[in-house]
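Numbers 57 to 424, taken from the working numbering, label the letters of the sequence shown in order.
Beta carbons are placed, not taken as given, at the ideal position from N, Cα and C, and that holds for glycine.
Encoded as structure tokens, the structure appears first; notes follow it.
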Amino acid sequence: MLWSLFALLTGGAVFAILWPLARPARREATAPDVAFYQAKLEEIARDQARANLAPEEAALAKTEAARQLLAVSGKDPQMTEGAAASPLWHRRLAAVAALVFVPAVAIGFYATLGHPDWPDAPLEARLNAPIGRTDINAAIARVEQHLAKNPKDGLGYQVLAQAYLLVRRPADAVSAAQMAAQLRPNNADTLTVYGETLAVAAGGIVTADSRKQFEKALAVDPGAPKALFFLGLAAQQENDRATARSYWQKLLAEAPANAPWRADLLARLAQLGDGRGVPASDQAARIAGMAPAQQQAMIQSMVDGLAARLAQNGNDIEGWVRLVRAYKVLNEVDKARAALATARHDFTGNAAATARIDALAHELGLES
Numbered sequence: 057m058l059w060s061l062f063a064l065l066t067g068g069a070v071f072a073i074l075w076p077l078a079r080p081a082r083r084e085a086t087a088p089d090v091a092f093y094q095a096k097l098e099e100i101a102r103d104q105a106r107a108n109l110a111p112e113e114a115a116l117a118k119t120e121a122a123r124q125l126l127a128v129s130g131k132d133p134q135m136t137e138g139a140a141a142s143p144l145w146h147r148r149l150a151a152v153a154a155l156v157f158v159p160a161v162a163i164g165f166y167a168t169l170g171h172p173d174w175p176d177a178p179l180e181a182r183l184n185a186p187i188g189r190t191d192i193n194a195a196i197a198r199v200e201q202h203l204a205k206n207p208k209d210g211l212g213y214q215v216l217a218q219a220y221l222l223v224r225r226p227a228d229a230v231s232a233a234q235m236a237a238q239l240r241p242n243n244a245d246t247l248t249v250y251g252e253t254l255a256v257a258a259g260g261i262v263t264a265d266s267r268k269q270f271e272k273a274l275a276v277d278p279g280a281p282k283a284l285f286f287l288g289l290a291a292q293q294e295n296d297r298a299t300a301r302s303y304w305q306k307l308l309a310e311a312p313a314n315a316p317w318r319a320d321l322l323a324r325l326a327q328l329g330d331g332r333g334v335p336a337s338d339q340a341a342r343i344a345g346m347a348p349a350q351q352q353a354m355i356q357s358m359v360d361g362l363a364a365r366l367a368q369n370g371n372d373i374e375g376w377v378r379l380v381r382a383y384k385v386l387n388e389v390d391k392a393r394a395a396l397a398t399a400r401h402d403f404t405g406n407a408a409a410t411a412r413i414d415a416l417a418h419e420l421g422l423e424s
């Protein structure tokens, strides 16, 4: 499989091998850059399946890879008017849409993809090809042109919605996601994307319309993690702690025992008051059986451990994202801002990481 090649080869060797393997009869379908980013998306999906990636983390990680894939599409000189509707373009859209949103939770809790237990391939090293905002906007313009000629392409609208979110155009994201949902009304991934864009456009509030999309997604896929998280968030925002706990406990119970984002979800459950639920590991069982003060101490210990690790090696964007979010959940706003400042310093000159940090600060209301 293509993944086997990427597991063995990097850089120029990868492109040297992929070029003849990916080459079809027509030149517009030969872009090795596209194959490269598609492989990145597949890699992210595999990492989430093995619990090396938090559900919500997958949304942002895959969006970053999708952004790069869109930019490659936008810069492809072979993508003329005729080529825009070619099988290659549809495969690109299918790869992005299928992998960006399966299964992932967005805007809630992050975790380490470059986890200490998996030191060989940190996320930033795999997605370290920064692309400027001008390039993104140019790619978006090409996708818009494609959709103007192919208005029934639901996958295209789904990708476009996520791209709009990336450049902070939430109203346009809602419009694109609504079109995608109309064209793909029974697709859980598309429905969760629509619900997400509605929540983002509402400033992080899961509105009635947003909730409706997540409920539809669960009707299609009862285990959809993004829908479980957002519905729990909606309940929490309405102070319905029992319902929020129910959704998040299900998410926790179905998580692999080694999921690195467990502490963050446990922190959210602890803040609901009674974090007891169906344990997914011995550690979760121990924490769930503790008194609230003990739970808080255990969770604080986990967060402190992450902070200490980052103090020793700050070249871990996923770790910084997870730490900032954990501080926010624990209402330690000053520490969250300090972590953001340190992360910015550590990633000076890294445009992709800096943009990620800025977006996180904006999302959490931690902009200075």
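Would LEU366 pass as a contact of LEU396 if the rule is Cβ separation under 9 Å?
no
Please classify ASN295 as buried or exposed, where buried requires at least 16 other C-beta atoms within 10 Å of its C-beta.
exposed
Integer-rounded CB distance, given that LEU362 should sit under 8 Å from GLY375:
6 Å
Report the CB separation of ALA323 from LEU386 in whole angstroms; it is logged as a contact under 8 Å.
At roughly 6 Å, the Cβ-Cβ gap stays under 8 Å, so ALA323 and LEU386 are in contact.
Considering just the uninterrupted stretch of the alpha helix (DSSP H) at THR248, what are its terminal residues?
244-257
Top-ranked residue by Cα proximity to ALA232, from VAL276, ALA204, ASN242, ALA244:
Closest by alpha carbon: ALA204.
State the start and end residues of the unbroken alpha helix (DSSP H) segment that holds VAL380.
373-385
Extent of the continuous alpha helix (DSSP H) run through LEU311
For clarity, residue 311 is Ala in the given sequence; the question names Leu instead. From DSSP, ALA311 is part of no alpha helix (DSSP H); its letter is neither H nor E.
Determine the extent of the alpha helix (DSSP H) in which GLN410 is found, giving its start and end residues.
Before going further, note that residue 410 is Thr rather than Gln in the sequence given. Residues 407-420.
Are the beta-carbon atoms belonging to ALA283 and LEU247 less than 9 Å from one another?
Yes, Cβ-Cβ distance for ALA283 and LEU247 is below 9 Å.
Mind checking SER266: buried by the 16 CB within 10 Å criterion, or exposed?
buried
Taking only the alpha-carbon atoms, compute the straight-line gap between THR398 and THR253 and give it to the nearest angstrom.
30 Å
So the alpha helix (DSSP H) ASP390 belongs to, where does it begin and stop?
389-402
Considering only residues of the same chain and omitting the five flanking positions on each side of ASP402, which have a CB-CB separation below 7 Å?
GLY370, ASN371, listed in sequence order.
If you follow the alpha helix (DSSP H) that GLY210 is part of, which residue opens it and which one closes it?
210-222
DSSP three-state label for ASN193, please.
helix
Taking buried to mean at least 16 other C-beta atoms within 10 Å of its own C-beta, is VAL249 buried or exposed?
VAL249 comes out buried.
Proximal residues to ASP414 (C-beta, below 6 Å), its chain only, five neighbours per side dropped:
none
Using only alpha-carbon positions, find the residue among LEU328, LEU216, LEU321, THR410 that is nearest to GLN292.
LEU328
How about ASN369: is its Cβ closer than 8 Å to a heavy atom in the ligand PLP?
Because no ligand of any kind appears in the structure shown, any question about the ligand PLP cannot be addressed here.
Just mark LYS208 as buried or exposed, buried being the case when its beta carbon has 16 or more other beta carbons within 10 Å.
exposed
Please return the same chain residues whose Cβ sits closer than 7 Å to the Cβ of PRO278, not counting the five positions on each side in sequence.
Correct list: empty, nothing qualifies.
Compute the Euclidean distance between the alpha carbons of ILE196 and TYR220, then round it to the nearest angstrom.
One C-alpha to the other measures close to 8 Å.
Under the three-state reduction of DSSP, which class applies to ALA300: helix, strand or coil?
If DSSP states are grouped into helix, strand and coil, ALA300 belongs with the helices.
Run through DSSP, which three-state label would ALA363 get?
Look at ALA363 here: in three-state DSSP terms it is helix.
With H, G and I counted as helix, E and B as strand and the rest as coil, what does DSSP make of GLU200?
Here GLU200 sits in helix by DSSP.
Using three-state DSSP, classify ARG267 as helix, strand or coil.
helix
Quick one: grab the DSSP three-state call for ASP277.
Per DSSP, reduced to three states, the secondary structure at ASP277 is coil, with no helix or strand assignment.
Give the straight-line distance between the Cα atoms of ILE373 and ALA275, rounded to the nearest whole angstrom.
35 Å
Express the C-alpha separation of GLU200 and GLY260 in angstroms, rounding to a whole number.
A straight-line Cα-Cα distance of about 26 Å links GLY260 and GLU200.
Pull up the distance between the alpha-carbon of GLU271 and that of GLN368, whole angstroms please.
43 Å
Can you name, in chain order, every residue of its own chain whose Cβ lies under 7 Å from the Cβ of LYS306, other than the five neighbours on each side?
LEU284
Identify whether GLY260 lies in helix, strand or coil by the three-state DSSP scheme.
coil
Assuming GLY210 and ALA236 form a contact by the criterion Cβ under 8 Å, report the distance between their Cβ atoms to the nearest whole angstrom.
Separation of the CB atoms of GLY210 and ALA236 is rounded to 5 Å, and the pair is thereby assigned contact status at 8 Å.
In the structure shown, what three-state DSSP assignment does ARG240 receive?
coil
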